[in-house]
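In what follows, a single structure is set out as structure tokens and then discussed.
Protein chains: 4
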Amino acid sequence: MHIGFIGLGAMGSAIARNLLASGHSLHVYNRGPQRTLLLRSAGATIATSPAQAARGADAVFTMVSDDAALEAVCGGDAGVLAGLAPGAVHVSMSTIGVAFARELAARHRAEGQRFISATVFGRPEVAERRMLHIMAAGAAQDLQFVQPLLEQVGQSTSVVGPEPWHANLVKLAGNFMLMSLVETLAETCTLAAKAGVDEAAVMEALTGTIFNAAPYRNYGPAIAARRFQPAGFALPLAQKDNRLLLATAEALGLPLPLASLLRDRFLAVRARGAGSDHDLAALSLAAFADAGLLA
Amino acid sequence: MHIGFIGLGAMGSAIARNLLASGHSLHVYNRGPQRTLLLRSAGATIATSPAQAARGADAVFTMVSDDAALEAVCGGDAGVLAGLAPGAVHVSMSTIGVAFARELAARHRAEGQRFISATVFGRPEVAERRMLHIMAAGAAQDLQFVQPLLEQVGQSTSVVGPEPWHANLVKLAGNFMLMSLVETLAETCTLAAKAGVDEAAVMEALTGTIFNAAPYRNYGPAIAARRFQPAGFALPLAQKDNRLLLATAEALGLPLPLASLLRDRFLAVRARGAGSDHDLAALSLAAFADAGLLA
Amino acid sequence: MHIGFIGLGAMGSAIARNLLASGHSLHVYNRGPQRTLLLRSAGATIATSPAQAARGADAVFTMVSDDAALEAVCGGDAGVLAGLAPGAVHVSMSTIGVAFARELAARHRAEGQRFISATVFGRPEVAERRMLHIMAAGAAQDLQFVQPLLEQVGQSTSVVGPEPWHANLVKLAGNFMLMSLVETLAETCTLAAKAGVDEAAVMEALTGTIFNAAPYRNYGPAIAARRFQPAGFALPLAQKDNRLLLATAEALGLPLPLASLLRDRFLAVRARGAGSDHDLAALSLAAFADAGLLA
Amino acid sequence: MHIGFIGLGAMGSAIARNLLASGHSLHVYNRGPQRTLLLRSAGATIATSPAQAARGADAVFTMVSDDAALEAVCGGDAGVLAGLAPGAVHVSMSTIGVAFARELAARHRAEGQRFISATVFGRPEVAERRMLHIMAAGAAQDLQFVQPLLEQVGQSTSVVGPEPWHANLVKLAGNFMLMSLVETLAETCTLAAKAGVDEAAVMEALTGTIFNAAPYRNYGPAIAARRFQPAGFALPLAQKDNRLLLATAEALGLPLPLASLLRDRFLAVRARGAGSDHDLAALSLAAFADAGLLA
Numbered sequence: 169m170h171i172g173f174i175g176l177g178a179m180g181s182a183i184a185r186n187l188l189a190s191g192h193s194l195h196v197y198n199r200g201p202q203r204t205l206l207l208r209s210a211g212a213t214i215a216t217s218p219a220q221a222a223r224g225a226d227a228v229f230t231m232v233s234d235d236a237a238l239e240a241v242c243g244g245d246a247g248v249l250a251g252l253a254p255g256a257v258h259v260s261m262s263t264i265g266v267a268f269a270r271e272l273a274a275r276h277r278a279e280g281q282r283f284i285s286a287t288v289f290g291r292p293e294v295a296e297r298r299m300l301h302i303m304a305a306g307a308a309q310d311l312q313f314v315q316p317l318l319e320q321v322g323q324s325t326s327v328v329g330p331e332p333w334h335a336n337l338v339k340l341a342g343n344f345m346l347m348s349l350v351e352t353l354a355e356t357c358t359l360a361a362k363a364g365v366d367e368a369a370v371m372e373a374l375t376g377t378i379f380n381a382a383p384y385r386n387y388g389p390a391i392a393a394r395r396f397q398p399a400g401f402a403l404p405l406a407q408k409d410n411r412l413l414l415a416t417a418e419a420l421g422l423p424l425p426l427a428s429l430l431r432d433r434f435l436a437v438r439a440r441g442a443g444s445d446h447d448l449a450a451l452s453l454a455a456f457a458d459a460g461l462l463a
Numbered sequence: 169m170h171i172g173f174i175g176l177g178a179m180g181s182a183i184a185r186n187l188l189a190s191g192h193s194l195h196v197y198n199r200g201p202q203r204t205l206l207l208r209s210a211g212a213t214i215a216t217s218p219a220q221a222a223r224g225a226d227a228v229f230t231m232v233s234d235d236a237a238l239e240a241v242c243g244g245d246a247g248v249l250a251g252l253a254p255g256a257v258h259v260s261m262s263t264i265g266v267a268f269a270r271e272l273a274a275r276h277r278a279e280g281q282r283f284i285s286a287t288v289f290g291r292p293e294v295a296e297r298r299m300l301h302i303m304a305a306g307a308a309q310d311l312q313f314v315q316p317l318l319e320q321v322g323q324s325t326s327v328v329g330p331e332p333w334h335a336n337l338v339k340l341a342g343n344f345m346l347m348s349l350v351e352t353l354a355e356t357c358t359l360a361a362k363a364g365v366d367e368a369a370v371m372e373a374l375t376g377t378i379f380n381a382a383p384y385r386n387y388g389p390a391i392a393a394r395r396f397q398p399a400g401f402a403l404p405l406a407q408k409d410n411r412l413l414l415a416t417a418e419a420l421g422l423p424l425p426l427a428s429l430l431r432d433r434f435l436a437v438r439a440r441g442a443g444s445d446h447d448l449a450a451l452s453l454a455a456f457a458d459a460g461l462l463a
Numbered sequence: 169m170h171i172g173f174i175g176l177g178a179m180g181s182a183i184a185r186n187l188l189a190s191g192h193s194l195h196v197y198n199r200g201p202q203r204t205l206l207l208r209s210a211g212a213t214i215a216t217s218p219a220q221a222a223r224g225a226d227a228v229f230t231m232v233s234d235d236a237a238l239e240a241v242c243g244g245d246a247g248v249l250a251g252l253a254p255g256a257v258h259v260s261m262s263t264i265g266v267a268f269a270r271e272l273a274a275r276h277r278a279e280g281q282r283f284i285s286a287t288v289f290g291r292p293e294v295a296e297r298r299m300l301h302i303m304a305a306g307a308a309q310d311l312q313f314v315q316p317l318l319e320q321v322g323q324s325t326s327v328v329g330p331e332p333w334h335a336n337l338v339k340l341a342g343n344f345m346l347m348s349l350v351e352t353l354a355e356t357c358t359l360a361a362k363a364g365v366d367e368a369a370v371m372e373a374l375t376g377t378i379f380n381a382a383p384y385r386n387y388g389p390a391i392a393a394r395r396f397q398p399a400g401f402a403l404p405l406a407q408k409d410n411r412l413l414l415a416t417a418e419a420l421g422l423p424l425p426l427a428s429l430l431r432d433r434f435l436a437v438r439a440r441g442a443g444s445d446h447d448l449a450a451l452s453l454a455a456f457a458d459a460g461l462l463a
Numbered sequence: 169m170h171i172g173f174i175g176l177g178a179m180g181s182a183i184a185r186n187l188l189a190s191g192h193s194l195h196v197y198n199r200g201p202q203r204t205l206l207l208r209s210a211g212a213t214i215a216t217s218p219a220q221a222a223r224g225a226d227a228v229f230t231m232v233s234d235d236a237a238l239e240a241v242c243g244g245d246a247g248v249l250a251g252l253a254p255g256a257v258h259v260s261m262s263t264i265g266v267a268f269a270r271e272l273a274a275r276h277r278a279e280g281q282r283f284i285s286a287t288v289f290g291r292p293e294v295a296e297r298r299m300l301h302i303m304a305a306g307a308a309q310d311l312q313f314v315q316p317l318l319e320q321v322g323q324s325t326s327v328v329g330p331e332p333w334h335a336n337l338v339k340l341a342g343n344f345m346l347m348s349l350v351e352t353l354a355e356t357c358t359l360a361a362k363a364g365v366d367e368a369a370v371m372e373a374l375t376g377t378i379f380n381a382a383p384y385r386n387y388g389p390a391i392a393a394r395r396f397q398p399a400g401f402a403l404p405l406a407q408k409d410n411r412l413l414l415a416t417a418e419a420l421g422l423p424l425p426l427a428s429l430l431r432d433r434f435l436a437v438r439a440r441g442a443g444s445d446h447d448l449a450a451l452s453l454a455a456f457a458d459a460g461l462l463a
């Protein structure tokens, strides 16, 4: 298949390489050109605009950081919407707001193009190993069309609904679950620390037995060890997703007190100086500070 | 080994039967006598008091509902402390407060008896299958002594510290993680419900992939289906544990905002009428009510 | 003085009438024409656009419902900015966001016009009696220029800073204090109600003695009596102000947990059906619901 | 009248002196004897036990720090209950729990003694000027009997219910309102501080106009100035009252999310080192810390 791929951050690069390694021809675009070199040496051709990457493609993938970045590569004369052929499909993988996903679907529909959301869970190293969990949503035949491609990049594809934005909602929900888990582990660690019990042992005991899902096993030891780097899921990106979640919920008339608590926690740790070089695990600094456990 | 076993609720009965089936002689006591019949027919002898169950035992297990119930079987002339021989060990499995666990350890020490805490995670059907996860704490030689017994009742034993109360703290921490997870899933389901997305599909997608620990897989579908019975972990017992956690934290001078949120959620759902015939999953009623999703 | 006045809701009408009664000539504009009749009969002339109301005026007052409404009367060919003479002053009384207030100040400055914010506390009947409390901010000479006018409409003018937006921030802060007070009174009433103590007596005892500020005296008895109409300060308007506050705080990197709690309370009572015909006092419905006190 | 007076802290001393100055004979008791000297020089006689202070008195007042301190002066052979004559009245002014107030009423009833609660609002210097606000509850004839005495110590007496504990509930409610107000002012000050607006000016503008009740006027400027000493209402005492409130609410099955927030704020500021030499105003340190405004 002819595939366009836009957005070569750590996640996008890993996914693109896997598509390429699966025998597809890849036309890639990235805002900063240096990131494209590795892909070129692996056999991809380089597009000079998103429109060009989309032109002639059966499917174009986008994996960028937020609503604004996705609009930047989709809209305008040089954007995906301008380049993609009628009937071709845009596979949107970015973590974006529900409202924007709906709008984008409508704009593609108006052009006779197809659009699905296929959001992903997993860190870059997970993406490299084709072990992502994919949440896909859209029209059944569109999902069927891209399924062989998704199988090259992830270990599972869950179809969560018939509208593309359903997958964006599920992505926000999953990230909310992740952040709640981090706050939970943080408060648990403060309890152990104040009681004088070995935090690492407590984390090992709990996340190695009943709470043995990957996010617990990743974040529990990291928080117990105050290991907040590297920024696998950068704190400001997580905060952005929490903001999208709250905006979505507010538009639905829905209170989410736990998400509100997380919101205040993000603001508090950022006011203390944690930023884009910190992982989401650094959200725990708020709990440690309130416990009087910071120097 | 000669084993005393006190407390034959659903959990206690399952554990006692497994010890019996492993070839140990069992002397059991329960407040209500009817519960003892099944154990008798399986080969246990029936004691008429906790002291009698403890007398002559190498180890006596207790598995009762709370601090008061444990005091009731431990203290006084007919209690475990009065009956247990010096050098014998009390294996305390109940979910009790940290302060009470410390006190009990001191009282046993004063009698020359040994005391360990071996708290457990898992529902009765899990206990039946010897698949409990055990959090054990106490002196190394005491833990070593009971380890062969613990292996008959659980799939794993995590040693979390040298003081028996360490295991009680970890049990409270684990239950806190469980309740936080329930609140998280509840808010996630309200989001799906208000957005018109299939809750069951969302739960399946998330708890079947990255969030694939047993508690997620148990509670996610239950909450999506509003299935709050049977009371595997009865709401008032969970509320009691949250209360113990907050008391422990307050004694340590530690704020736990997420546990405070759970506290208010418990009170709100109970004020609406949820009670001892409801499972912890019914905590989600607070989120559904606030979302305007209850009739 | 020649005065333009734009926005004849309950508050605007009362203020406009007082300016007129003080001997000033008034040129008024309102989106819906029927509201202008009363002012015409009192001696005002009717403008057909905001620009026309501003033209020739020494000062133009605006009192509309939110950022969008203020933009609607300020921008474009028919707006205040197009009509106001250089050197004349725009007195902005609306409760708007800080960011928009800053932007508006800059746009006026670019036209050589003057701009101050003069936000007000008090209900329409308070405005009628010229008893408003005014929070004013802007350049000293501009404030001095309008002070004689402000004295016709309020009992006090507090100068809170040299930038117009300072008064908008103080207005949002004051409304936050009001909403916090409502939540406080609500929880206090649930305590009395659950304890079987006379809520009205408790409210009278507390708000008639140490807590004897007007907001306590207004809201305490109203909440105790579940009197949520008429909508003196309509619930959705209060919710909008809470939203503005949180947006302002987020832009400053500031967590406000009490405002977050209020946010969730607003969403919860609105999800239960409370709306624009309910007063802010109806925020208490969330506390009553959680206490199990609603039918 | 013959009056017994027990508890000569700053508040008790001021009240006792006013009763003495009104021409009543006073028999006083205090745990530490040095505090009694001033009263003796003013004409009081010194009792060597609470029982002795109560013996022969028409009314005995108690003003001590908490439940335990009140039990210490009421119970036992040397306590108020042992000394007070049948028909005489115990006027309990301490801030105590509702459950303990109910118990004490029953114990007095069993002895044929009368018991009322007369809790007070105001700082020691307010007590000196006989300007306290008194919340009284109990049987009508008992309240009537002590009313002339209450008039010597306060500016107002609000009768809040027929059971003595009603006044204790109202005292806890009033203190909750006070603490909520402190949190509200704290968050308001962080907003001003982060925005670069003069905090003192904002506090003056708001607490000098619509929010002009004494607690606002006391705490607003104090918080804006970070003035946390002297400890007019010591932080640990306020925390104790919040704990009593939450316990009372929990016994009633009532969630109070704002009181829960305060609970966590108390714990956080104490974990950072604020203690008994800090005023309740220091609760604001939590908001300042979360805003990144502490060094």
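Chains as they are written, first to last, in the numbering used here: chain A, 169 to 463; chain B, 169 to 463; chain C, 169 to 463; chain D, 169 to 463.
Virtual Cβ for every residue (Gly too), placed ideally from N, Cα, C.
Item, Value
"Supposed contact pair Val288(C) and His301(C) - C-beta distance, whole angstroms, cut 8 Å", "7 Å"
"Limits of the beta strand (DSSP E) - the one that Val327(A) falls within", "Gly322 to Gly329"
"Chain-ordered neighbours of Ala415(D) on chain B, where CB pairs are closer than 8 Å", "Those do not exist, as Ala415(D) stays about 11 Å from chain B at its closest Cβ, beyond 8 Å."
"Interfacial residues, the segment 297-312 of chain A to chain B, with Cβ spacing under 7 Å", "His301 and Met303"
"Closer than 7 Å at the beta carbon, the chain D residues around Asp458(A)", "Ala436 and Ala439"
"7 Å Cβ cutoff, Lys362(D) in contact with chain C", "yes"
"Short Cβ contact (7 Å threshold) for Pro292(D) with Ala182(D)", "yes"
"is_contact[Thr358(B), chain A] using C-beta, thresh 7 Å", "yes"
"For Tyr197(C), the residue or residues it bridges with in DSSP", "Ile174(C)"
"Beta carbon proximity, Gly204(A) to chain B, threshold 7 Å", "The amino acid occupying residue 204(A) in the given sequence is Thr; Gly does not appear at that position. False, the Cβ-Cβ gap to chain B never drops below 7 Å."
"Chain D contact residues for Pro404(B), given Cβ-Cβ distances below 8 Å", "Those do not exist, as Pro404(B) stays about 11 Å from chain D at its closest Cβ, beyond 8 Å."
"Test item: CB-CB of Ile391(B) and Leu353(B) under 7 Å", "yes"
"CB contact flag (His446(B), Leu414(B), <7 Å)", "no"
"Proximity below 7 Å, CB of Ala227(B) to CB of Val196(B)", "no"
"Beta-carbon proximity check, Leu176(A) vs Ala212(A), cutoff 7 Å", "no"
"Cβ-Cβ separation, Ala278(A) to Gly247(A) (assumed contact under 8 Å), whole Å", "Wrong, their Cβ atoms sit about 14 Å apart, outside the cutoff."
"Residue range of the beta strand (DSSP E) that includes Ile302(C)", "Leu300 to Ala305"
"Proximal chain D residues relative to Ser428(B), where beta-carbon distance stays under 9 Å", "Pro425, Ser428, Leu429, Arg431 and Asp432"
"As assigned by DSSP and simplified to three states, the class of Ser444(C)", "coil"
"For Phe283(B): DSSP bridge partner residues", "His258(B)"
"Gly265(D) vs Asp235(D) beta-carbon contact at 7 Å", "yes"
"Status (buried if at least 16 other CB within 10 Å, exposed otherwise) for Ala382(A)", "buried"
"Identity of the residues DSSP links to Thr213(B) by a beta bridge", "His195(B)"
"Rounded C-alpha distance that separates Ile284(B) from Glu372(C)", "56 Å"
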